[in-house]
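K.L.:
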Amino acid sequence: MVETGTTDAAAADPPRRRADARRNAEALLDAAAAAFVAAGVDAPVRDIAARAGVGVGTVYRHFPTRADLVVAVYRHQVEACVAAGTTCRAEADSAYDALVRWIDGFVDFLVTKHGLAAALRGDDGRFEALHAWFLERLVPVCGELLAEAAAAGEVRDDVAGLELMRGVGNLCVGAGDAGYDARRLVGILLAGLRTG
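In numbering that gives the first Met the number 0, the protein residues as written are 0 to 195.
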């Protein structure tokens, strides 16, 4: 039999490298999201690279254009919001508390999202497709959390997930303005859902 020179360790190396690359990409997306919150979607690439602990070339290798990076951050955060629905249920003391925790994370996401349209200037089709995907992924999560809180008798049962998400989104539009506390107003909105 002819030896190929491939060892078990060498065979396992590519998946390990793929896992490392995935972790690096996630760290880069988290760093970019933090930079976008701090400085908007026009945050310098060198700042994003520094936050992620990588070189500027690594950022461009993964995301050749700023629009590519912004869209990737957006998708990454949407998936994190989807996953947070399960986490909030597991960690909350009540269905209402799970809803409040999830909406709190959704508000964090919306702060980053506001620069998306500007970053995709001239690519309305891409923006519209992303928005449709955003609704497809997040409306069911919000709707389920609302339904669970309503079934527990903790919130009114005549508000739909899309309505609540639009209300929260509208309250977050001025989140960067001095003297405007979007999170406080979202809290008032959520308190208004309570029954009794």
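The beta carbon of each residue, even a glycine, is placed where N, CA and C say it ideally should be.
If contacts are defined as beta-carbon pairs under 8 Å, then residue 111 and residue 35 qualify, I think. What distance do you get, rounded to the angstrom?
P.N.:
Within the sequence shown, residue 111 is the residue found at index 112, counting from 1. Within the sequence shown, residue 35 is the residue found at index 36, counting from 1. Contact holds; Cβ gap of about 5 Å.
K.L.:
Please check the pair residue 91 and residue 100, which I expect to be a contact at CB under 8 Å, by giving their CB distance rounded to whole angstroms.
P.N.:
Walking along the sequence shown from the start, residue 91 turns up at place 92. Walking along the sequence shown from the start, residue 100 turns up at place 101. Indeed, because the Cβ distance is near 6 Å, the residues count as touching under 8 Å.
K.L.:
Taking three-plus beta-carbon pairs below 8 Å as touching, is the segment 60-71 in contact with the segment 19-31?
P.N.:
Enough Cβ pairs lie closer than 8 Å, so yes.
K.L.:
Could you tell me the distance, in whole angstroms, from the CA atom of residue 59 to the CA atom of residue 175?
P.N.:
Numbered from its first residue, the sequence shown carries residue 59 at position 60. Numbered from its first residue, the sequence shown carries residue 175 at position 176. Going by the C-alpha atoms only, they are around 28 Å apart.
K.L.:
Going by DSSP in three states, residue 154 sits in which element: helix, strand or coil?
P.N.:
Sequence index remark: in the sequence shown, residue 154 carries index 155 (1-based). Strand.
K.L.:
Quick test of your reading: residue 154 and residue 95, contact by CB under 8 Å. State the CB separation rounded to the nearest angstrom.
P.N.:
Sequence index remark: in the sequence shown, residue 154 carries index 155 (1-based). Sequence index remark: in the sequence shown, residue 95 carries index 96 (1-based). Contact flag correct, Cβ pair sits at about 6 Å.
K.L.:
Take the Cβ of residue 187 as the centre, count every other Cβ of all protein chains shown within 10 Å, and call the residue buried at 16 or more, exposed below.
P.N.:
Along the sequence shown, read from residue 1 onward, the residue named residue 187 stands at position 188. It counts as exposed.
K.L.:
Less than 8 Å between C-beta atoms, sequence neighbours within five positions excluded: which residues of the same chain meet that for residue 46?
P.N.:
Walking along the sequence shown from the start, residue 46 turns up at place 47. Cβ within range, chain order: 34 and 38.
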